[in-house]
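Down below is the structure, laid out as structure tokens.
There are 2 protein chains.
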Amino acid sequence: MSCSCNLQAPPGADLSPVCLGHLWMFRHLTEEEQAHLAGSAIRRIFPRGGTVFHQNDLAGEMFLLKSGRVKLVKYLENGSEITLDIRQAGDFLGETMLADDDPYPVTAVCLEETLTCGFSRAVFESIVLRYPNIGLQVIRNMSRRISQLGDKVGTLASASIEERVLGILRQLAEQHGRVVKGGRMLQFALTHEELGFLCGAHRVTITRAIGELRAKGKVSENQGLLVLCDG
Amino acid sequence: MSCSCNLQAPPGADLSPVCLGHLWMFRHLTEEEQAHLAGSAIRRIFPRGGTVFHQNDLAGEMFLLKSGRVKLVKYLENGSEITLDIRQAGDFLGETMLADDDPYPVTAVCLEETLTCGFSRAVFESIVLRYPNIGLQVIRNMSRRISQLGDKVGTLASASIEERVLGILRQLAEQHGRVVKGGRMLQFALTHEELGFLCGAHRVTITRAIGELRAKGKVSENQGLLVLCDG
DNA sequence: TCGACTGTGTAGCATCGACTACAGCGTCCC
DNA sequence: GGGACGCTGTAGTCGATGCTACACAGTCGA
Chain A
54 MSCSCNLQAP PGADLSPVCL GHLWMFRHLT EEEQAHLAGS AIRRIFPRGG TVFHQNDLAG
114 EMFLLKSGRV KLVKYLENGS EITLDIRQAG DFLGETMLAD DDPYPVTAVC LEETLTCGFS
174 RAVFESIVLR YPNIGLQVIR NMSRRISQLG DKVGTLASAS IEERVLGILR QLAEQHGRVV
234 KGGRMLQFAL THEELGFLCG AHRVTITRAI GELRAKGKVS ENQGLLVLCD G
Chain B
54 MSCSCNLQAP PGADLSPVCL GHLWMFRHLT EEEQAHLAGS AIRRIFPRGG TVFHQNDLAG
114 EMFLLKSGRV KLVKYLENGS EITLDIRQAG DFLGETMLAD DDPYPVTAVC LEETLTCGFS
174 RAVFESIVLR YPNIGLQVIR NMSRRISQLG DKVGTLASAS IEERVLGILR QLAEQHGRVV
234 KGGRMLQFAL THEELGFLCG AHRVTITRAI GELRAKGKVS ENQGLLVLCD G
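These protein sequences, in sequence, are chains A and B.
Everything in the first sequence is counted per our numbering, starting at 54 for the first residue and increasing by one.
Everything in the second sequence is counted per our numbering, starting at 54 for the first residue and increasing by one.
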């Protein structure tokens with residue numbers, strides 16, 4: 054499909070080749086449906102470290118990630134923070150704005166330069182009403198998200214730190230891993246501190262746990278990237 | 054609306070007066086939409102302690118709770134278990150079966166006698182395709198669910214046990230509480246052991262934490278039911 | 001080349017919570 | 001009444017993890 058993004062983008066912006074038509078979510082739509090969708094999107098580029106939206110901002114827009122990687126961070130009352138999820142091209146962002154007039158429950162921070170297509174709630178709802186198939190795709194995506202969050206709750210709630218780190222790494226590998234000889238390799242580097250935010254644990258504890266897991270042959274490292282070993 | 058459940062129910066079953074038309078989710082549908090929905094549902098009654106579906110069962114059906122209360126339990130590899138959520142009349146059950154051919158990720162256990170309307174995936178999808186408005190309602194519900202699960206992850210990941218218990222109680226009170234003088238009261242009793250499963254903590258630890266919270270005036274008790282105090 | 005900075009690895013102490021054990025209390029059923 | 005059972009509350013031990021501090025390696029830029 055041809056994408057209307059280049060019409061909407063500011064002159065001179067370097068356009069990513071990835072566009073709506075390539076996203077898994079819209080693969081099954083007809084050309085007409087895709088065109089309608091693309092025509093309603095507002096395209097935006099965020100730099101590495103940029104923020105797509107802040108926790109407690111009024112939530113009026115949802116985003117499709119067309120390229121890049123974004124982490125969802127929750128700041129807690131007691132001053133600590135936790136990373137809920139890392140999302141990549143093809144995923145939603147801000148989907149919870151569909152619920153009601155609540156503010157965004159998390160902050161979305163770009164880990165790389167990131168390209169988004171945004172939709173206001175009204176636009177999105179009109180799209181779903183007109184093309185119910187898109188609604189079904191969204192429902193499927195959200196179903197999967199709910200499953201994953203359930204897994205995460207299970208992992209965080211009742212395991213030793215070592216199991217916790219392993220569980221989180223498994224989930225990351227499933228979402229962001231690539232199959233290599235002997236296991237799945239994460240496609241981006243994570244510092245122990247970031248892993249700490251993902252696991253709700255202290256950085257030093259992560260270092261120890263990773264050391265243990267490495268000694269047991271459950272993870273290894275390759276060019277600075279973690280590999281989750283099979284078995 | 055008139056409900057087709059009484060036609061489908063086995064003779065002699067005692068029918069609950071609560072039916073599709075009363076569920077928040079379908080309040081905004083037209084009569085025709087409601088009738089179509091009701092006509093496609095398979096009605097079922099489960100006794101207290103009964104199981105609607107088991108973790109790892111092939112997931113082919115989703116359910117609407119028409120009355121009763123159900124807890125979602127996840128059994129972990131290390132032998133422990135955690136309660137992910139408690140659902141009541143008007144909520145979904147098994148919504149993750151929409152994602153793909155994965156099995157149910159949790160077990161659904163009835164805390165009371167429970168009445169459900171079930172839909173196969175195919176029926177549900179055809180309903181959404183025909184009545185996109187139902188799809189939107191489902192999306193809104195799932196959005197809210199995702200927000201709640203995010204809160205839960207935040208609560209479980211990085212708080213002391215006392216904060217954790219308080220956080221879980223807040224969430225329960227929001228979903229299942231009733232406003233009373235001085236706070237919100239849970240509408241059903243929870244043993245410390247069950248709270249332990251909800252918080253991922255030891256029963257004894259829960260007893261201590263509740264004691265602390267009571268001493269600080271953050272919770273109190275009324276006829277065996279917990280009251281979350283204001284402020 | 002040097003310093004600043006960031007990330008990893010190690011050590012030791014303090015604390016929290018898991019676990020076991022047991023007592024007390026109420027309810028239910030015989 | 002009495003016994004069985006389930007739930008709450010208390011005590012004490014032990015191990016896991018949080019936290020602070022510091023050393024070392026790698027990278028980047030001046």
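All C-beta atoms, glycine included, are put in the ideal place defined by N, C-alpha and C.
Keep in mind that this is a model prediction, so the values were computed, not measured.
Please name the residue in the options whose C-alpha comes closest to that of residue i.
i	options	result
A:L278	A:H245, A:L251, A:M238 and A:F250	A:M238
A:V105	A:V181, A:L222, A:G207 and A:E166	A:E166
B:I286	B:V233, B:G203, B:C170 and B:I214	What the structure shows of chain B is the stretch from 54 to 284, and residue 286 of chain B is not part of that stretch, so it cannot be assessed.
A:G113	A:T258, A:L125 and A:D154	A:D154
B:G147	B:N109, B:I98 and B:Q276	B:N109
B:G249	B:N275, B:T83, B:L209 and B:Q276	B:L209
A:R198	B:L151, B:L189, B:R267 and B:K124	B:L151
B:L90	B:L117, B:R261, B:V123 and B:L225	B:L117
B:E227	B:E134, B:A88, B:D138 and B:L111	B:D138
B:H107	B:G230, B:E134, B:R97 and B:A161	B:A161
B:Q201	A:A212, A:S173, A:K127 and A:I214	A:K127
B:G121	B:S93, B:Q141, B:G102 and B:F177	B:Q141
Using 7 Å as the limit for Cβ to Cβ distance, is residue i near chain A?
i	result
B:V232	no
B:G337	This structure gives no information on residue 337 of chain B, because the portion of chain B shown stretches from 54 to 284.
B:A210	yes
B:K127	yes
B:I95	no
B:V181	yes
B:G188	yes
B:G253	yes
So which residues of chain B does residue i contact, with C-beta pairs closer than 7 Å?
i	result
A:R261	By Cβ distance, chain B contributes nothing, its closest Cβ being about 18 Å from A:R261, past 7 Å.
List the residues of chain B that residue i touches, going by C-beta distances under 8 Å, in chain order.
i	result
A:D155	S200
A:R197	T149, A152 and D153
A:L137	G203, V206 and G207
A:L265	The amino acid occupying residue 265 of chain A in the given sequence is Glu; Leu does not appear at that position. Per Cβ cutoff of 8 Å: no residues; A:E265 is ~16 Å from chain B at best.
Less than 6 Å separating the Cβ of residue i from some heavy atom of the ligand FAD?
i	result
B:Y157	Ligands displayed in this structure: none; no statement on the ligand FAD is therefore possible.
Tell me which residues share the same chain as residue i and place their Cβ nearer than 7 Å to its Cβ, disregarding the 5 neighbours each side in the sequence.
i	result
A:L251	T136 and I221
B:G270	C282
A:A242	G277 and L278
Short of 6 Å in beta carbon distance, which residues of its chain neighbour residue i, apart from the five on each side in sequence? Order them along the chain.
i	result
B:G207	none
B:L129	none
A:E86	Y184
B:R256	H245, E246 and G249
B:G188	V181
For residue i, which residues in chain A fall below 9 Å Cβ to Cβ?
i	result
B:D204	K127 and P158
B:G131	A quick correction: the sequence has Asn, not Gly, at residue 131 of chain B. Residues of chain A passing the Cβ test: S211, A212, S213 and E216.
Can a CB atom of chain B be found closer than 7 Å to the CB of residue i?
i	result
A:G171	no
A:P185	yes
A:G143	no
A:D67	For A:D67, the pLDDT reaches just 49, beneath the cut-off of 50, and the residue's location in the model is therefore unreliable, leaving the point undetermined.
A:G236	no
With DSSP collapsed to three states, give me the class of residue i.
i	result
A:L225	helix
B:V218	helix
B:F241	coil
A:L31	Nothing about residue 31 of chain A can be reported from this structure: the residues present for chain A run from 54 to 284 only.
B:P64	Residue placement at B:P64 cannot be trusted, given a pLDDT of 47 that sits under 50; what the coordinates show is reported in the next sentence. Coil.
A:K269	coil
A:G264	helix
A:P156	strand
A:L164	coil
B:G188	helix
A:E247	helix
A:E84	helix
B:N275	strand
A:A173	Reading the sequence as shown, one finds Ser at residue 173 of chain A and not Ala. Residue state, collapsed to three classes: strand.
A:V71	At A:V71, the pLDDT of 49 sits below 50, so the modelled position is not reliable; the number obtained from the coordinates is stated separately. In the structure shown, A:V71 sits in coil (DSSP, three-state: anything other than H, G, I, E or B).
B:L129	coil
B:K205	helix
B:G143	coil
Using the beta-carbon of each residue, which ones in chain A are nearer than 7 Å to residue i?
i	result
B:I214	By Cβ distance, chain A contributes nothing, its closest Cβ being about 12 Å from B:I214, past 7 Å.
Chain A partners of residue i, CB-CB under 8 Å?
i	result
B:R193	L151, A152 and D153
B:E178	L189
Tell me which same chain residues have a C-beta within less than 8 Å of the C-beta of residue i, skipping the five on either side of it?
i	result
A:G235	S273, V280, C282 and D283
A:V218	L248, C252, A254, I259, A262, I263 and L266
B:P63	At B:P63 the pLDDT is 49, less than 50, meaning the model places this residue with poor confidence; the figure from the coordinates comes in the next sentence. Closer than 8 Å at Cβ, skipping near neighbours: no residue.
B:T149	A112, D155, Y157 and P158
A:E216	T208
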